[in-house]
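The numbering of the sequence shown is numbering that gives the first Met the number 0, which starts it at 0 and goes up by one. Heads up, the thing below is written out as structure tokens.
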Amino acid sequence: MIDSHTHLDYIDDPAGARGELGLNAMICIGASPQHARNAVALAEQFEDVYATVGLHPTDTDEDSPDARTQIEALLTHPRVVGVGESGLDDYWDDTKRAAQVSAFEWQLDLARRSGKVLVIHTRDKAGQDSAHQGVMDVLRAWPDVPIILHCFSGHADLLRFGLQRGEHTYFGFAGNTTYKNAQEIQAAARDLPLARMLLETDAPFLAPVPKRGKPNRPGYVRHTLEFIAALRGQDPTELEAATDANTRRAYGLTLE
């Protein structure tokens, strides 16, 4: 099984976290210059780890010509399979929207020029959807860039937008899909066309039930798989095969 989105360098024992519960590949997200370097180093060290490089919307204080040069240079590494994570985040009171949009558009251009998928982060405060609407506003100018809507929130407008955008738009479902209050996410996971679905952990964050409250680990993606399979009335083995194939296609992976 593949974990399509993990922060392996945040985990104390990345070597020990690999391969648990039948996991055989993972994408380590490098969403700042330092984390991008870490992700590439892990991908060089372990043959089952691949990397993305980019700048997270909450890390735009690190945005600079030098940071962009570093990330663009890392993007050419043969173990780097995607850009980001990028996007918009309005959860925090000190949101810097203009800086986030600038970094987001730069990374969309990187994805377009490199032909690699862009991993998108979208987060709002409860009861608001300014980041979700903003992501759609930006993406309308970039209809052909392949994207992954990471840790999909279940937002109805973004779901419709992503489906209309075409088959190069994927939706990543993380451990929070298993939470009792996640009805919108669960509805999206139940009804989404299977060819658009990816499974992820976002480890060490968002551990799924029955591991909720503990640090998440890449292998725990299997708990999310089993939950969504039950939700869809689908055999877990079939769901695993389909979502693994989707991950390979989204990131351009060649795995046995």
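Think of the CB as a built atom: it goes at the ideal place given N, C-alpha and C, for glycine as much as any other residue. None of these values were measured; they are calculated from a predicted model.
Cβ neighbours of A194 within its own chain (closer than 8 Å, five residues either side excluded): E166, A241 and N245. If you look at H4, you'll find it isn't in any alpha helix (DSSP H); it sits in the beta strand (DSSP E) that goes I1 to T5. It is roughly 11 Å from the alpha-carbon of I26 to the alpha-carbon of R17.
Per DSSP, L230 is one residue of the alpha helix (DSSP H) stretching across V220 to R231. If the five residues before and after V208 are omitted, its C-beta is found closer than 6 Å to the C-beta atoms of T177, all from its own chain and listed in chain order. Partner residues in the beta bridge of R122, as assigned by DSSP, are D88. Counting other Cβ atoms within 10 Å of its Cβ, A42 reaches 16 or more and is therefore classed as buried.
Taking a contact as a CB-CB distance under 8 Å, the pair T121 and V100 does not count as one, their CB atoms being some 13 Å apart.
Between A38 and I28, the C-beta spacing is below 9 Å. Every beta strand (DSSP E) of 3 residues or more that sits fully in the segment 54 to 104 is shown, in chain order, as 79 to 88. Taken atom to atom, the span from the alpha-carbon of S31 to that of I146 is near 19 Å. G251 counts as exposed, since fewer than 16 other C-beta atoms from the protein chains shown sit within 10 angstroms of its C-beta. Rounded to the nearest whole angstrom, the CA to CA distance from H149 to A173 is 8 Å. Between P203 and I10, the gap from beta carbon to beta carbon is short of 9 Å. CA-to-CA, the gap between T200 and E84 works out to about 14 Å. Of all alpha-carbon atoms in P235, D92, A40 and R231, the one lying nearest the alpha-carbon of D123 is that of D92. In this structure, the alpha-carbon of L117 lies about 18 Å from that of R36. Distances from the alpha-carbon of L254 to those of A24, Q132 and A66 put A24 closest.
If the five residues before and after Q106 are omitted, its C-beta is found closer than 8 Å to the C-beta atoms of G53, L54, V82, G83, S85 and L117, all from its own chain and listed in chain order. The three-state reading of DSSP puts V52 in strand, counting E and B together.
The secondary-structure analysis by DSSP pairs V116 across a beta bridge with G81.
Rounded to the nearest whole angstrom, the CA to CA distance from R164 to H4 is 22 Å. In this structure, the beta-carbon distance from Y169 to A130 does not fall below 9 Å. Residues of the same chain with a CB within less than 7 Å of the CB of G171, apart from the 5 flanking positions on each side, are S3, H4, I147, L148, H149, C150, F151, L197 and E199 in chain order. Under DSSP, M25 forms a beta bridge with D2 and V48.
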